[in-house]
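Numbering (the working numbering), first residue to last: 4 to 210.
A short worksheet on the structure shown next.
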Amino acid sequence: MKTLKFLFDRNQGWADAIKKDNPHFFSQLSAQQTPDYLWIGCSDSRVPANQIVDLPPGEVFVHRNIANVVVHTDLNCLSVVQFAVEVLKVKHIIICGHYGCGGIKASLDQKAHGLIDNWLRHIQDVSRFHQKELSLLNDEDRINRLCELNVIEQVKNVGNSSVVQNAWKRDAELSLHGWIYSIENGMLKDLDMCIETAEALDKKCRL
Ligand code: CO
């Protein structure tokens, strides 16, 4: 008897439905993956990468953590970025945050949350960089603006990683994107962080 049997039943139904549409789907997919996109998003259960952009298995390489943070000492995230860029040769890295992010809220609330507070320090750094702008907003607007600013800072972080810098040095076709998702209406918003060269990144970082 399988534990969580209902999930295996759902899996069977899902695989059957896909095979009904295309009997070779899984055998073709098992031969190789050639995704064009690396998605770095929040672990939040309401922000599933493939479903939001309506792409099937095989199209998006995914890394998720609390509050979609790219830290230069995080071997997990950096390994994903390296594999995606150097082996899979993705053409786009998308950092996707979301409004109302629990990690962002927790970073602002001055309470103790245990181990995770060490991770949230990275978001508090983002708050510090933008303290002046954030201090002018009411609580709800401050959370949502910090959700946006966090995406913008994480695009800069991934762009400044050695993996992305080296890719641009060898003229690889690689662009960065900063997006934010609204759980309330299911819509994505582009935060105008489309960056295709090291020079363009420098310019954004100086702004
Ligand atoms: Co979140």
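Where a beta carbon is used, it is the ideal one built from N, C-alpha and C, also for glycine.
Keep in mind it's a predicted model, so treat the numbers as computed, not measured.
Item to complete: Give a yes or no on whether the C-beta atoms belonging to HIS95 and TYR40 are separated by under 8 Å.
Response: Your numbering for residue 95 matches position 92 in the sequence shown. Your numbering for residue 40 matches position 37 in the sequence shown. Yes, these two residues count as a Cβ contact at 8 Å.
Discussion item. Strictly closer than 6 Å from CB to any heavy atom of ligand 1: give me those residues in the order they appear in the chain.
Written reply: CYS45, ASP47, ALA70, HIS101, CYS104, GLY105 and GLY106
Worksheet entry | When ASP57, GLN36 and VAL72 are compared against HIS101, the one with the closest alpha-carbon | What you label residue 101 is simply residue 98 of the sequence shown in a count that begins at 1. Per the Cα distances, VAL72.
Discussion item. Rounded to whole angstroms, what is the Cα-Cα separation between ILE107 and ASN68?
Written reply: As a working mapping, residue 107 is identified with position 104 in the sequence shown. As a working mapping, residue 68 is identified with position 65 in the sequence shown. Taking the straight line joining both Cα atoms gives about 12 Å.
Worksheet item: What residues are listed by DSSP as bridge partners for ASP193?
Response: As a position in the sequence shown, residue 193 is number 190, starting the count at 1. Paired residue(s): TRP182.
Worksheet item: Since SER110 contacts ILE126 with CB under 8 Å, what's their CB separation in whole angstroms?
Response: Working through the sequence shown from its first residue, we reach residue 110 at position 107. Working through the sequence shown from its first residue, we reach residue 126 at position 123. Their Cβ separation, rounded to whole angstroms, is 4 Å, which keeps SER110 and ILE126 in contact under 8 Å.
Worksheet item: Is it the case that the Cβ atoms of ARG124 and LEU137 are separated by a distance below 8 Å?
Response: Here residue 124 corresponds to residue number 121 of the sequence shown, with the count starting at 1. Here residue 137 corresponds to residue number 134 of the sequence shown, with the count starting at 1. No, the pair does not count as a contact, with Cβ atoms beyond the cut-off.
Item to complete: Below 8 Å CB to CB, which residues in the same chain sit around VAL166 once its five sequence neighbours on both sides are set aside?
Response: For the purposes of this step, residue 166 is taken as the residue at position 163 of the sequence shown. Taken in chain order, the residues that qualify are LEU81, VAL84, GLN85, VAL88 and GLU89.
Worksheet entry | From GLY105, LEU78, PHE64 and GLN113, residue whose alpha carbon lies closest to that of VAL93 | By one-based count along the sequence shown, residue 93 stands at place 90. The shortest C-alpha separation from VAL93 is found at PHE64.
Worksheet item: With 16 other CB atoms within 10 Å as the buried threshold, where does TRP225 fall?
Response: An answer regarding residue 225 cannot be provided, because it is not within the stretch 4 to 210 covered by the chain.
Worksheet item: If we count the other Cβ atoms within 10 Å of its Cβ and call it buried at 16 or more, is GLU151 buried or exposed?
Response: Numbered from 1 along the sequence shown, position 148 holds the residue referred to as residue 151. Counting Cβ neighbours within 10 Å, GLU151 comes out buried, since at least 16 surround it.
Fill in: Closest by C-alpha distance to ALA203, when choosing among VAL158, VAL74, TRP122 and THR6
Taking the sequence shown and counting its residues from 1, the one referred to as residue 203 is at position 200. The option with the nearest alpha carbon to ALA203 is VAL158.
Fill in: Nonlocal neighbours in the same chain, by C-beta distance under 8 Å from LYS1, ignoring five residues either side
This structure gives no information on residue 1, because the portion of the chain shown stretches from 4 to 210.
Item to complete: Report yes if the CB atom of LEU179 is closer than 8 Å to the CB atom of ILE198, and no otherwise.
Response: Residue 179 sits at position 176 when you count from the first residue of the sequence shown. Residue 198 sits at position 195 when you count from the first residue of the sequence shown. Going by C-beta atoms, LEU179 is nearer than 8 Å to ILE198.
Worksheet item: How about TRP171: is its C-beta nearer than 8 Å to some C-beta of chain D?
Response: In the structure shown, chain D cannot be found, because there is only a single protein chain.
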